[in-house]
Structures are given as C-alpha cells and as structure tokens.
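Visitor:
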Amino acid sequence: MSKRSREATWRRLHRATGTLAGAAIARMEEKLPWYRKMPAEQRSWVGLVAQAGIAAFTEWFRDPASPRAISADVFGTAPRELARAVSLRQTVELVRITIEVVEERINELAAP
315 MSKRSREATW RRLHRATGTL AGAAIARMEE KLPWYRKMPA EQRSWVGLVA QAGIAAFTEW
375 FRDPASPRAI SADVFGTAPR ELARAVSLRQ TVELVRITIE VVEERINELA AP
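To get this note's numbering, take the position in the sequence shown, counting from 1, and add 314.
#1: Please return the same chain residues whose Cβ sits closer than 8 Å to the Cβ of T323, not counting the five positions on each side in sequence.
#2: How long is the line joining the alpha carbons of E417 and E355, rounded to whole angstroms?
#3: Does the Cβ-Cβ distance between A369 and T331 come in under 9 Å?
#4: Under a Cβ-count criterion, where at least 16 other Cβ atoms within 10 Å of its own Cβ denotes burial, should A337 be classed as buried or exposed?
#5: Measure the C-alpha to C-alpha separation of I411 and D377 and round it to an integer number of angstroms.
#6: Would you decide whether W359 is buried or exposed? Buried here means 16 or more other CB atoms lie within 10 Å of its CB.
#7: So, helix, strand or coil for M342, using DSSP?
#8: Using a 10 Å radius around the Cβ and a threshold of 16 neighbouring Cβ atoms, would you call L327 buried or exposed?
#9: Under 9 Å, do V363 and L402 count as touching if we go by C-beta distance?
Take a look at the structure:
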C-alpha cells in the first residue's frame, strides 16, 4: 500500500470511528442477551471502550511501526465498576464483536 493510499485510508477510518463503534454496539445488543440486560451507564462505558479500541486500531494503522500500549489506551477508559460487572468471557465476546464489525467494513473504508 502506498503512503498516499495508506493516509487516505487512515482518514476514512478515523472519520468512521464513531460509526463503527455504533455498529459494534448495535451488534452487541442483537447478539448478547446479557449485554441488553446491563444498566444503561455500563452499556455506555462499553461503547466508549469499543470506540477507544477502534481509535487505537486507526492510530496503529496510521503508524504500525510506533510501539503502543493499546490495552491501557483502550481499557483504561473504563471505570473499575465496569471491570467488576463484566467477566473475562464477556469481555472477549465484546472484543470479538467489535473486531468482526471493523473487519466487515474495512474494504469499504480502504482507499481505492
């Protein structure tokens, strides 16, 4: 991928971060009954974590050679109460769904 193409793709990804996070949240609501039962405040925090994860991915895409502490960037946005409310298995489900949504839409966001 040329530098120009990579930069154009990064801009598209960057602009789509909120849309991608919204699509991931919609998929979570559709597929995860336990997620639907969470209090609104906790679901809101999950949305912020998903958005932070997608933003971290876009920054990595922009400069893959730059070392990053992604887990701190992404999961550091969540309050401790959320960590107590969501099990490891549930966290993995949330991450998988977020990745699925991004993978499904990456081709439409890639620069021609």
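We treat Cβ as the ideally placed atom computed from N, Cα and C, and that holds for glycine. These numbers were taken from a predicted model, which means no experiment stands behind them.
Guide: A quick look at the data gives this:
#1: As a position in the sequence shown, residue 323 is number 9, starting the count at 1. Apart from sequence neighbours up to five positions away, the residues of its chain that approach T323 with a beta-carbon distance below 8 Å are M315, F375, L423, A424 and A425, ordered along the chain.
#2: Here residue 417 refers to the residue found at position 103 when the sequence shown is read from its first residue. Here residue 355 refers to the residue found at position 41 when the sequence shown is read from its first residue. E417 and E355 have their C-alpha atoms roughly 27 Å apart.
#3: The residue given as residue 369 occupies position 55 in the sequence shown. The residue given as residue 331 occupies position 17 in the sequence shown. The beta carbons of A369 and T331 sit closer together than 9 Å.
#4: If you number the sequence shown from 1, residue 337 lands on position 23. Counting Cβ neighbours within 10 Å, A337 comes out buried, since at least 16 surround it.
#5: In the sequence shown, counting from the first residue as 1, residue 411 sits at position 97. In the sequence shown, counting from the first residue as 1, residue 377 sits at position 63. If I take the Cα positions, the gap works out to 24 Å.
#6: As a first step, residue 359 is located in the sequence shown; it is residue number 45 there, counting from the start. Flag for W359 reads buried.
#7: Counting from one through the sequence shown, the residue named residue 342 turns up at place 28. Judged by DSSP in its simplified three-state form, M342 adopts helix.
#8: The residue given as residue 327 occupies position 13 in the sequence shown. Looking at its Cβ environment, which holds 16 or more other Cβ atoms inside 10 Å, L327 is buried.
#9: On the sequence shown, residue 363 is found 49 positions in, with the first residue counted as 1. On the sequence shown, residue 402 is found 88 positions in, with the first residue counted as 1. Between V363 and L402, the C-beta spacing is not below 9 Å.
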